[in-house]
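There are 2 protein chains.
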Amino acid sequence: MSGLKGKVVIAQGGGPTVVINQSLVGAVLESRKFSEVTRVWGARHGVRGIVHQSFVDLSEATTHNLERVAQTPSSALGSTRDKPDAEYCQNILNVFKKHEVRYFFYIGGNDSSDTVRIVGEYAVKEGYELRAIHIPKTVDNDLPVNDHCPGYPSAARFVAGAFRGANSDNMALQGVYIAVIMGRHAGWLTAASALARQHDDDGPHLIYLPERQFSIDRYLADIERVYQRHGRCVIAISEGVWANRDGKGKEIPLAADLMRKAGRQPEVDAHGNVQLSGGALADELAATVQGGLGIKRVRADTFGYLQRSFPGVVSDVDAREAREVGEKAAHYACGQGVSGSVVIKRAGDYAARYELADVRQIAAQTRHMPDEFINAEGNNVTDAFRAYLRPLLGDGMPSLERLWAPAVTFNGG
Amino acid sequence: MSGLKGKVVIAQGGGPTVVINQSLVGAVLESRKFSEVTRVWGARHGVRGIVHQSFVDLSEATTHNLERVAQTPSSALGSTRDKPDAEYCQNILNVFKKHEVRYFFYIGGNDSSDTVRIVGEYAVKEGYELRAIHIPKTVDNDLPVNDHCPGYPSAARFVAGAFRGANSDNMALQGVYIAVIMGRHAGWLTAASALARQHDDDGPHLIYLPERQFSIDRYLADIERVYQRHGRCVIAISEGVWANRDGKGKEIPLAADLMRKAGRQPEVDAHGNVQLSGGALADELAATVQGGLGIKRVRADTFGYLQRSFPGVVSDVDAREAREVGEKAAHYACGQGVSGSVVIKRAGDYAARYELADVRQIAAQTRHMPDEFINAEGNNVTDAFRAYLRPLLGDGMPSLERLWAPAVTFNGG
Chain A
3 MSGLKGKVVI AQGGGPTVVI NQSLVGAVLE SRKFSEVTRV WGARHGVRGI VHQSFVDLSE
63 ATTHNLERVA QTPSSALGST RDKPDAEYCQ NILNVFKKHE VRYFFYIGGN DSSDTVRIVG
123 EYAVKEGYEL RAIHIPKTVD NDLPVNDHCP GYPSAARFVA GAFRGANSDN MALQGVYIAV
183 IMGRHAGWLT AASALARQHD DDGPHLIYLP ERQFSIDRYL ADIERVYQRH GRCVIAISEG
243 VWANRDGKGK EIPLAADLMR KAGRQPEVDA HGNVQLSGGA LADELAATVQ GGLGIKRVRA
303 DTFGYLQRSF PGVVSDVDAR EAREVGEKAA HYACGQGVSG SVVIKRAGDY AARYELADVR
363 QIAAQTRHMP DEFINAEGNN VTDAFRAYLR PLLGDGMPSL ERLWAPAVTF NGG
Chain B
3 MSGLKGKVVI AQGGGPTVVI NQSLVGAVLE SRKFSEVTRV WGARHGVRGI VHQSFVDLSE
63 ATTHNLERVA QTPSSALGST RDKPDAEYCQ NILNVFKKHE VRYFFYIGGN DSSDTVRIVG
123 EYAVKEGYEL RAIHIPKTVD NDLPVNDHCP GYPSAARFVA GAFRGANSDN MALQGVYIAV
183 IMGRHAGWLT AASALARQHD DDGPHLIYLP ERQFSIDRYL ADIERVYQRH GRCVIAISEG
243 VWANRDGKGK EIPLAADLMR KAGRQPEVDA HGNVQLSGGA LADELAATVQ GGLGIKRVRA
303 DTFGYLQRSF PGVVSDVDAR EAREVGEKAA HYACGQGVSG SVVIKRAGDY AARYELADVR
363 QIAAQTRHMP DEFINAEGNN VTDAFRAYLR PLLGDGMPSL ERLWAPAVTF NGG
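If you read the sequences in order, they're chains A and B.
Note that the first sequence covers residues 3 to 415 in our numbering.
Note that the second sequence covers residues 3 to 415 in our numbering.
As structure tokens, this is what we get:
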């Protein structure tokens, strides 16, 4: 027991996932068990709810309600895209001091971990005892130190399942099918499409990731080769692919290039990220294939927000781990009295264990796919990646069956 | 028993669904039981496989393989968008005569039923005994006489589920969310989004269907009203909405208008249908809200091909009925020696029964949503529609839970 009496404040930041409420519920139920914890408050809409003192009292939520919320997609407390600056973080700390909040749990990605870091540092500077824990969450799977991030396995399951369906659709009607997948800086979610393949000639036949520079010429040559071989082609491409750099050497997302070309100014968020959603990239990539290769039936989808919020498409491994990182946050903060970021490590094939990392190792950094997960041509993933992802997808992925019936042959036609 | 000895040819046409293989397998397994049936052939890629004499021998498919194929999305035999003209239909009949095909089962939508009609009429004219059965299938749910069409309930389940997730995502991050749904001429699938709602303030708050003329002004006024009330707005809109008519009074899809405006010539298929897929409509509708109402966070998705091919998102009611219409085709043709289109009727709340209709009642016609299913303002559906669809979605739709915890109140702040 940490012996430090006070309230818990828990919040959810950034994009939702289908298992982020597992982490919320794990942390709430577990921290309610500690006698040090006087009250468990949930902040509405992330850090915004803290500075506006907009809280709900989770000490009074029923266990049954919480257990059902755990199985519900998206952030039950509400989320925010606010990126707190120094003053914002100071305000957070002031609210904590005012209400004797001694435990702060923030479930989120890179930016949320940075907020935990700053608020924690301010507390130390002011001599205010605060246990601040970052609980990992991101479908992008791009947090350092972690083997993988809660939310990613379920989103990966959605993407792999979607490509199983899209591949069989493409087998039926032929032509070229392109789908654009979430993942601004890292290709983890796009790469998950590779797990759709059951037969050697199953799509996706080509996978393009933001870890490699994109070239329209190579893209067209790749598709032409696959199309000549299979009479069809299925392609997975990350929304974050880039073909050019700006004057400062920064990669320009192809989607932003295309939006500007179409006369629209891409939206930029508080973190300086250009908005990538929308169908322009997929449409343009399809039109390029029609124009460049003369293939008539070219279809393109953008999986969009379904990837992170589709109810029922959940990896049981992911749900369990998301729950456990929430529980561990309570153990570390309320039980052991320490601060940091809960991380998932891989132990064997497959088991997970949890550790507490220094939040400075996590904050505001991006973990890209390592070279050994990407093929030499930069248009596919390796067996090593498939071995990495497979156990995370969980039980009961729908397995598709092909018809096995002999062709009818005629003598002399 | 019909007493007519000969082969069965079965084929799948048009867009795939997640249960179209149930119909295939139902017809194959059932027709293999009739002593009149000498062989069951599957045509590869619909009618195209017939005229090219590209068949597989389904008499030699194992029951186990077939049972697993039944649970696999998309058309296992392959499909086609070919729309046979008179000569094409004559060629089909010639192939049937050459190989003593006496039973023809074609699983498909409006156009497939028309092919069944024409080939059947030619056979009568030439005095060739042929039993031709149309087996209904379409996610568009637009075949006349049927209460609903196999494939639609599962696609509707996907759309309703997707909106449950999208609505909770939108509750977390606020703003406006727009999703464009399949359905060229009829709004059935878009309307299914209404079944996502569990609470009074759940989205979709607005639903736009091709059965009503679309107006950008009314669309913006509707959104503004919802946004002022809820601080957010979720919108379902059909890919087939139209705001204008051409010189001949024909409705011009808004998506085609937008593609032309962007300098692209929309693709037109063999049936004269303008291709509506792609993200341009969603992007434009989002930009219109940002520009017209000054709302910053506006996001748009186009559900695209996932709606009809996502593995595992299947209504058990739909799977059973798709199986049974396939079985009934064999009973009618091989057992009773009659031709026509198998139709689903509703008996009670809820049970289904199957009948055989004259294929001329089905062929090349579109069943729109009736007026009693659409509200007076033309921006939502009615309770009558919800009562119609609910039993079709099947068991086990994910039910989402909201957090129930009291707000923390402060005395004097």
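Quick reminder that beta carbons are idealized off the backbone N, C-alpha and C, glycines included.
Worksheet item: Between isoleucine 52 of chain A and valine 103 of chain A, what straight-line distance do the alpha-carbon atoms span, to the nearest angstrom?
Response: Looking up residue 52 of chain A in the first sequence gives position 50. Looking up residue 103 of chain A in the first sequence gives position 101. Answer to the nearest angstrom: the Cα atoms are 11 angstroms apart.
Worksheet entry | valine 315 of chain B beta carbon less than 8 angstroms from that of glycine 163 of chain B | One-based indexing of the second sequence puts residue 163 of chain B at position 161. One-based indexing of the second sequence puts residue 315 of chain B at position 313. Yes, the Cβ-Cβ distance between glycine 163 of chain B and valine 315 of chain B is below 8 angstroms.
Item to complete: Could you tell me the distance, in whole angstroms, from the CA atom of glycine 415 of chain A to the CA atom of serine 114 of chain B?
Response: Taking the first sequence and counting its residues from 1, the one referred to as residue 415 of chain A is at position 413. Taking the second sequence and counting its residues from 1, the one referred to as residue 114 of chain B is at position 112. In this prediction, glycine 415 of chain A scores a pLDDT of 49, lower than 50, which makes its location untrustworthy; the coordinate-derived value is nonetheless stated afterwards. Computed Cα separation, rounded: 27 angstroms.
Worksheet item: Any beta-carbon of chain B closer than 8 angstroms to the one on glycine 306 of chain A?
Response: Here residue 306 of chain A refers to the residue found at position 304 of the first sequence. It does: the Cβ of glycine 306 of chain A has a partner Cβ on chain B nearer than 8 angstroms.
Worksheet item: Using CA coordinates, which residue listed in A:Lys85, A:Leu145 and A:Lys127 is at the minimum distance from asparagine 96 of chain A?
Response: As a first step, residue 96 of chain A must be located in the first sequence, where it is residue number 94. Residue A:Lys127 is the option with its Cα nearest to asparagine 96 of chain A.
Fill in: Near-chain B residues of the region 38–57 of chain A - C-beta to any C-beta below 7 angstroms
Trp43, Gly44, Gln55 and Phe57
Discussion item. Count Cβ pairs between the region 77–89 of chain B and the region 41–61 of chain B that sit closer than 8 angstroms; are there 3 or more?
Written reply: yes
Worksheet item: Do we get a CB-CB distance below 8 angstroms when we pair glycine 8 of chain A with the residues of chain B?
Response: As a working mapping, residue 8 of chain A is identified with position 6 in the first sequence. By this cut-off, glycine 8 of chain A is not an interface position.
Discussion item. Which same chain residues end up closer than 8 angstroms to alanine 157 of chain B when comparing Cβ atoms and leaving out the 5 residues on each side of it in sequence?
Written reply: Taking the second sequence and counting its residues from 1, the one referred to as residue 157 of chain B is at position 155. Close CB contacts of alanine 157 of chain B within its chain, under the 8 angstroms cut and outside five residues either way in sequence, are with Thr19, Val20, Val141, Met184, Leu191, Ala194, Gln309 and Arg310 (chain order).
Discussion item. Going by beta-carbon coordinates alone, are valine 147 of chain B and valine 340 of chain B separated by less than 8 angstroms?
Written reply: Taking the second sequence and counting its residues from 1, one reaches residue 147 of chain B at position 145. Taking the second sequence and counting its residues from 1, one reaches residue 340 of chain B at position 338. Contact flag unset, no.
Discussion item. Which same chain residues end up closer than 7 angstroms to asparagine 169 of chain B when comparing Cβ atoms and leaving out the 5 residues on each side of it in sequence?
Written reply: Mapped onto the second sequence, residue 169 of chain B falls at position 167. The answer, listed in chain order, is Ala198, Asp204, Gly205 and Val236.
Worksheet entry | Extent of the continuous alpha helix (DSSP H) to which leucine 283 of chain A belongs | Sequence index remark: in the first sequence, residue 283 of chain A carries index 281 (1-based). 282–295 is the extent of the alpha helix (DSSP H) around leucine 283 of chain A.
Discussion item. Quick check on asparagine 112 of chain B: does DSSP put it in helix, strand or coil?
Written reply: Position 110 of the second sequence, counted from the start, is the residue given in the question as residue 112 of chain B. It is helical.
Worksheet entry | Check: cysteine 91 of chain A C-beta below 7 angstroms from any heavy atom of the ligand ZN | This structure simply doesn't include the ligand ZN, nor any ligand for that matter.
Fill in: Short-range partners of chain A found in the region 178–200 of chain B, where Cβ spacing is below 7 angstroms
none
Fill in: Contact set for cysteine 91 of chain B: own chain, Cβ-Cβ below 8 angstroms, skip 5 residues either direction
For the purposes of this step, residue 91 of chain B is taken as residue 89 along the second sequence, with counting starting at 1. Once the five neighbours on either side are set aside, the close Cβ partners of cysteine 91 of chain B are Thr117, Ile120, Val121 and Tyr124.
Worksheet entry | Cβ shell of serine 317 of chain A (< 7 angstroms), same chain only, five flanking positions each side left out | Counting from one through the first sequence, the residue named residue 317 of chain A turns up at place 315. Around serine 317 of chain A: Pro155, Ser156, Arg159, Leu394, Leu395 and Gly396.
Worksheet item: Going along chain B, which residues have a C-beta under 7 angstroms from alanine 366 of chain A?
Response: Taking the first sequence and counting its residues from 1, the one referred to as residue 366 of chain A is at position 364. In chain order: nothing, as chain B lies at least about 20 angstroms away.
Item to complete: Say whether chain B places a C-beta atom closer than 8 angstroms to the C-beta of leucine 256 of chain A.
Response: Within the first sequence, the letter at position 254 stands for residue 256 of chain A. Put simply, the CB of leucine 256 of chain A is far from chain B, with every gap to its CB atoms at 8 angstroms or more.
Worksheet item: What residues in the region 79–100 of chain A bring their beta carbon closer than 8 angstroms to a beta carbon of chain B?
Response: Leu79, Gly80, Ser81, Thr82 and Arg83
Worksheet item: Is alanine 257 of chain A helix, strand or coil by DSSP?
Response: Here residue 257 of chain A is taken as the residue at index 255 of the first sequence, counted from 1. Helix at alanine 257 of chain A.
Worksheet item: Taking only beta-carbon atoms, is glutamate 102 of chain B less than 8 angstroms away from chain A?
Response: On the second sequence, residue 102 of chain B is found 100 positions in, with the first residue counted as 1. For glutamate 102 of chain B, the answer is no, since every Cβ of chain A falls outside 8 angstroms of its Cβ.
Item to complete: Report the neighbours of arginine 424 of chain A on chain B: residues whose CB is nearer than 8 angstroms to its CB, in chain order.
Response: Since the first residue shown for chain A is 3 and the last is 415, residue 424 of chain A is missing from the structure and cannot be characterised.
Worksheet item: Can you find a C-beta in chain A that's less than 8 angstroms from the C-beta of glutamate 403 of chain B?
Response: Taking the first residue of the second sequence as position 1, residue 403 of chain B is located at position 401. Interface residue, yes.
Fill in: Endpoints, the beta strand (DSSP E) within which valine 49 of chain B is located
What you label residue 49 of chain B is simply residue 47 of the second sequence in a count that begins at 1. It is not in any beta strand (DSSP E) - valine 49 of chain B instead sits in the alpha helix (DSSP H) that spans 49–53.
Worksheet item: Residue range of the alpha helix (DSSP H) that arginine 166 of chain B falls in?
Response: Along the second sequence, read from residue 1 onward, the residue named residue 166 of chain B stands at position 164. From DSSP, the alpha helix (DSSP H) with arginine 166 of chain B extends over 154–175.
Worksheet item: With a CB to CB cut of under 7 angstroms and the five nearest residues on each side skipped, what residues in its chain are close to alanine 407 of chain B?
Response: As a position in the second sequence, residue 407 of chain B is number 405, starting the count at 1. Cβ within range, chain order: n/a, list empty.
Discussion item. Rounded to whole angstroms, what is the Cα-Cα separation between leucine 283 of chain A and isoleucine 180 of chain A?
Written reply: Within the first sequence, the letter at position 281 stands for residue 283 of chain A. Within the first sequence, the letter at position 178 stands for residue 180 of chain A. Spanning the two alpha carbons is a distance of roughly 10 angstroms.
Discussion item. According to DSSP, simplified to helix, strand and coil, what is asparagine 246 of chain B?
Written reply: For the purposes of this step, residue 246 of chain B is taken as residue 244 along the second sequence, with counting starting at 1. In the structure shown, asparagine 246 of chain B sits in a strand (DSSP, three-state: E or B).
Practice prompt. Quick one: grab the DSSP three-state call for serine 56 of chain A.
Written response: Within the first sequence, the letter at position 54 stands for residue 56 of chain A. Note: serine 56 of chain A maps to coil in three-state DSSP.
Discussion item. Can you tell me where the beta strand (DSSP E) holding alanine 359 of chain B begins and where it ends?
Written reply: In the second sequence, the residue the question calls residue 359 of chain B occupies position 357. Counting along the chain, the unbroken beta strand (DSSP E) around alanine 359 of chain B starts and ends at 354–359.
Worksheet entry | Counterpart residues of lysine 347 of chain B in DSSP-defined beta bridges | The residue labelled residue 347 of chain B in the question sits at position 345 within the second sequence. Assignment of beta-bridge partners to lysine 347 of chain B by DSSP yields B:Arg355.
Worksheet item: With a CB to CB cut of under 8 angstroms and the five nearest residues on each side skipped, what residues in its chain are close to threonine 290 of chain A?
Response: In the first sequence, counting from the first residue as 1, residue 290 of chain A sits at position 288. Only Ile218, Tyr221 and Leu222 meet the Cβ criterion.
Worksheet item: Applying a beta-carbon distance threshold of less than 9 angstroms, which residues of chain E neighbour leucine 60 of chain B?
Response: Chain labels in this structure do not include chain E; the protein chains are A and B.
Worksheet item: Can we say the region 369–387 of chain A touches the region 30–42 of chain B, given the rule of at least three CB pairs closer than 8 angstroms?
Response: no
Item to complete: Can you tell me which of A:Gly8, A:Gln24 and A:Lys100 puts its alpha carbon nearest to the alpha carbon of phenylalanine 412 of chain B?
Response: Reading the second sequence from its first residue, position 410 is the one you call residue 412 of chain B. Distance from the Cα of phenylalanine 412 of chain B is smallest, within the candidate group A:Gly8, A:Gln24 and A:Lys100, for A:Lys100.
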